[in-house]
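Chemist: Chains as they are written, first to last, in my numbering: chain E, 1 to 186; chain H, 1 to 186.
C-beta: ideal position from N, C-alpha, C; glycine also.
Keep in mind it's a predicted model, so treat the numbers as computed, not measured.
This is the structure I have questions about; it appears just below.
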DNA sequence: AAAAAATCTTGACCGAAATCAAGAAATACA
DNA sequence: TGTATTTCTTGATTTCGGTCAAGATTTTTT
């Protein structure tokens, strides 16, 4: 859930300023959870160091990596935070990580303080919407190889940041298949 | 892109009031476009009668049905409208349809008029985000049958509203496969 | 109402990805 | 540093959905 791709510099700096001013720095050990599926999420943040994976557990007991948050990016289940319902996903630190955290109450107070803040919140939601919608459209790419190549094009450094096994889950293929795709195209 | 599922009654009626007060009723012939892919979208609306399909054309020349809008639901490429970029999707009337349309300028003016309007816009974006995110998570359901059953559970009347061929595209399977799934489970 | 077009069903066959398995390489941690 | 664990690769086999084809049904149009 990085918002950098769809947000203007001015909007980004306003949000960054908010997290810097109001947020508290919190560290997470490798494997520790920032948010848990089925539990209401009451905080979000900006990753200062490290990386997080977004994990969704299905009713059939399958585990899928559905997203990431890296340094400088937004982290949190924005949806659970805004609607107050249990989170559909969990968020885990992939390594020792540090986050500038903001709880729901402070964010709500920030929004309520000013119409321009309210608008900033709307803009943030709109940008997250655009990002998720792009992800959804990419699901319609028919072959795993197409999905892999599109992902590499969007995030060339992802390969260095996450193990192949995780990328495979993200791309909805088995690790063996991704390994073969990788061999095929290079 | 129906927002009814995630929006409260009060929010819904405020938006409905906006479209009723400010919107103009426009009719669309079967097959006519409400919005075109690659073209900036400057309007949205609420469907009064009929139905629309959201279509995405890939670089490989494939055509995918990625969403619907039925009577009482929001219609429009909210993303292209908010970021001013060309639309990623086209929107076509599936039959003779009528829409209460609102252009971008009027919506922007509505937002700018009042902090509570701005908040309403944020809430709308948040609900659309939740809906698309749910769609994205469902993409991780491994078998077509799971996806089909989840869809039927969410929208039981979809079968009567859209042809099987369209549902197949929406579910990312061939019509032949969906036909067989349907035979298998009933 | 008849003709034309589109949609749906069913069968046969094929191919790409999943599964199963085992060894190699890399990473964690004690 | 060495050991244990996890991850990655590669091969053999299977399975599910795609493709091709043809006939039935429904819908649209004239």
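Leaving aside the five residues before and after residue 92 (chain E) along the sequence, list all residues of the same chain whose C-beta is less than 8 Å from its C-beta, in chain order.
Modeler: Indexing the first chain from 1 puts residue 92 (chain E) at position 92. Only 31, 32, 33, 34, 52, 53, 55 meet the Cβ criterion.
Chemist: Note down, in chain order, every chain E residue with its Cβ under 9 Å from the Cβ of residue 83 (chain H).
Modeler: Taking the second chain and counting its residues from 1, one reaches residue 83 (chain H) at position 83. Near residue 83 (chain H) (Cβ distances below 9 Å), the residues of chain E are 6, 126, 127, 130.
Chemist: Residues of chain H with a CB under 8 Å from the CB of residue 118 (chain E): which are they?
Modeler: Within the first chain, residue 118 (chain E) is the residue found at index 118, counting from 1. Residues of chain H passing the Cβ test: 115, 118, 119, 122.
Chemist: Using the rule of at least 16 other Cβ atoms within 10 Å of the residue's Cβ for burial, across every protein chain shown, is residue 64 (chain H) buried or exposed?
Modeler: Translated into positions along the second chain, residue 64 (chain H) becomes position 64. Result: buried.
Chemist: Within the 7 Å Cβ cut-off, does residue 68 (chain H) reach chain E?
Modeler: If you number the second chain from 1, residue 68 (chain H) lands on position 68. No, because no Cβ of chain E sits closer than 7 Å to the Cβ of residue 68 (chain H).
Chemist: Can you look up residue 166 (chain H) in the DSSP assignment and give me helix, strand or coil?
Modeler: Position 166 of the second chain, counting from 1, holds the residue named residue 166 (chain H). Three-state result, residue 166 (chain H): helix.
Chemist: Enumerate in chain order the residues of its own chain whose CB-to-CB distance from residue 173 (chain H) is below 6 Å, with the five nearest sequence positions on each side excluded.
Modeler: For this step, residue 173 (chain H) is matched to residue 173 along the second chain. Cβ within range, chain order: 144.
Chemist: If you follow the alpha helix (DSSP H) that residue 135 (chain E) is in, where does it begin and where does it stop?
Modeler: Residue 135 (chain E) sits at position 135 when you count from the first residue of the first chain. Segment 115 to 138, the alpha helix (DSSP H) holding residue 135 (chain E).
Chemist: Among H:77, H:20, H:120, H:21, which residue has its Cα nearest to the Cα of residue 129 (chain E)?
Modeler: The residue you call residue 129 (chain E) lines up with position 129 of the first chain. Per the Cα distances, H:77.
Chemist: Can you list the residues of chain E that residue 177 (chain H) reaches, using a CB-CB cut of under 9 Å?
Modeler: Position 177 of the second chain, counting from 1, holds the residue named residue 177 (chain H). Result: empty, since nearest Cβ-Cβ is about 13 Å, beyond 9 Å.
Chemist: Rounding to the nearest angstrom, what Cα-Cα distance links residue 99 (chain E) and residue 42 (chain E) in this structure?
Modeler: Looking up residue 99 (chain E) in the first chain gives position 99. Looking up residue 42 (chain E) in the first chain gives position 42. Distance between the alpha carbons of residue 99 (chain E) and residue 42 (chain E): 14 Å.
Chemist: Mind checking the stretch 50 to 63 of chain E against chain H and listing, in chain order, the residues whose C-beta falls within less than 8 Å of any C-beta there?
Modeler: For the stretch 50 to 63 of chain E, which is checked against every Cβ of chain H, the residues closer than 8 Å are 56, 58, 60, 62.
Chemist: In chain E, what lies closer than 9 Å to residue 158 (chain H) by C-beta?
Modeler: As a first step, residue 158 (chain H) must be located in the second chain, where it is residue number 158. By Cβ distance, chain E contributes nothing, its closest Cβ being about 18 Å from residue 158 (chain H), past 9 Å.
Chemist: Against chain E, with Cβ distances strictly below 7 Å, would residue 186 (chain H) count as a contact?
Modeler: By 1-based counting over the second chain, the position of residue 186 (chain H) is 186. It does not; no Cβ of chain E falls within 7 Å.
Chemist: At 4 residues or longer, what runs of the alpha helix (DSSP H) sit wholly inside the stretch 7 to 45 of chain H?
Modeler: Within the stretch 7 to 45 of chain H, the complete alpha helix (DSSP H) runs of at least 4 residues are 9 to 22.
Chemist: Using only CA atoms, which one of E:124, E:47, E:103 lies nearest to residue 84 (chain E)?
Modeler: Along the first chain, one-based indexing puts residue 84 (chain E) at 84. The candidate whose alpha carbon is nearest that of residue 84 (chain E) is E:103.
Chemist: Using a Cβ-Cβ cut-off of 7 Å (strictly less than) and excluding sequence neighbours within five positions of residue 161 (chain H), which residues of its own chain qualify?
Modeler: As a first step, residue 161 (chain H) must be located in the second chain, where it is residue number 161. 51, 70, listed in sequence order.
Chemist: Hey, out of E:101, E:36, E:60, E:40, whose CA is closest to residue 25 (chain E)'s CA?
Modeler: Along the first chain, read from residue 1 onward, the residue named residue 25 (chain E) stands at position 25. Selected option, being the one with the closest Cα: E:101.
Chemist: Identify the contact partners of residue 33 (chain H) in chain E, using a Cβ-Cβ distance below 7 Å as the criterion.
Modeler: Here the question's residue 33 (chain H) lines up with position 33 in the second chain. The contacting residues do not exist; residue 33 (chain H) stays about 18 Å from chain E at best.
Chemist: CA-CA distance, residue 182 (chain E) and residue 132 (chain E)?
Modeler: Reading the first chain from its first residue, position 182 is the one you call residue 182 (chain E). Reading the first chain from its first residue, position 132 is the one you call residue 132 (chain E). Going from the Cα of residue 182 (chain E) to the Cα of residue 132 (chain E) covers about 25 Å.
Chemist: For a test of the three-state rule: what should DSSP assign to residue 149 (chain H), helix, strand or coil?
Modeler: Position 149 of the second chain, counted from the start, is the residue given in the question as residue 149 (chain H). Three-state result, residue 149 (chain H): helix.
Chemist: Would you check if the distance between the CB atom of residue 122 (chain E) and the CB atom of residue 16 (chain H) is smaller than 7 Å?
Modeler: For the purposes of this step, residue 122 (chain E) is taken as the residue at position 122 of the first chain. For the purposes of this step, residue 16 (chain H) is taken as the residue at position 16 of the second chain. No.
Chemist: Residue 67 (chain E) bridges to which residues according to DSSP?
Modeler: One-based indexing of the first chain puts residue 67 (chain E) at position 67. Answer by DSSP bridge pairing, in chain order: E:54.
Chemist: Would a check of beta-carbon distances place residue 155 (chain E) closer than 7 Å to chain H?
Modeler: Residue numbering aside, residue 155 (chain E) sits at position 155 when the first chain is read from its first letter. Chain H contact via Cβ: absent.
Chemist: If you measure from the beta carbon of residue 148 (chain E) to each beta carbon in chain H, is any gap under 7 Å?
Modeler: Here residue 148 (chain E) is taken as the residue at index 148 of the first chain, counted from 1. Not an interface residue.
Chemist: What does the alpha-carbon distance come out to for the pair residue 149 (chain H) and residue 22 (chain E)?
Modeler: To locate residue 149 (chain H), count along the second chain from 1; it is residue 149. To locate residue 22 (chain E), count along the first chain from 1; it is residue 22. Cα to Cα, the separation comes out at about 45 Å.
Chemist: Do you know offhand how far residue 45 (chain H)'s Cα is from residue 75 (chain H)'s?
Modeler: Position 45 of the second chain, counted from the start, is the residue given in the question as residue 45 (chain H). Position 75 of the second chain, counted from the start, is the residue given in the question as residue 75 (chain H). Residue 45 (chain H) and residue 75 (chain H): Cα-Cα distance of roughly 5 Å.
Chemist: So which residues on chain E does residue 139 (chain H) lean against when the C-beta distance must stay under 8 Å?
Modeler: Here residue 139 (chain H) refers to the residue found at position 139 when the second chain is read from its first residue. Ordered by position in chain E, the residues that pass the 8 Å Cβ test against residue 139 (chain H) are 136, 139, 172.
Chemist: Looking at the C-beta of residue 79 (chain H), does it have a partner C-beta in chain E at a distance below 7 Å?
Modeler: By 1-based counting over the second chain, the position of residue 79 (chain H) is 79. By this cut-off, residue 79 (chain H) is an interface position.
Chemist: Which of the three DSSP states, helix, strand or coil, is assigned to residue 108 (chain H)?
Modeler: The residue you call residue 108 (chain H) lines up with position 108 of the second chain. Correct three-state label for residue 108 (chain H): helix.
Chemist: Tell me, please, which residues DSSP counts as bridged to residue 86 (chain E).
Modeler: Position 86 of the first chain, counted from the first residue, corresponds to residue 86 (chain E). For residue 86 (chain E), which the question treats as bridged, DSSP gives the partners E:40.
Chemist: My assumption, with CB atoms under 8 Å, is that residue 171 (chain H) sits in contact with residue 178 (chain H). Please give the rounded CB distance.
Modeler: The residue labelled residue 171 (chain H) in the question sits at position 171 within the second chain. The residue labelled residue 178 (chain H) in the question sits at position 178 within the second chain. The Cβ separation is near 7 Å, so the contact holds.
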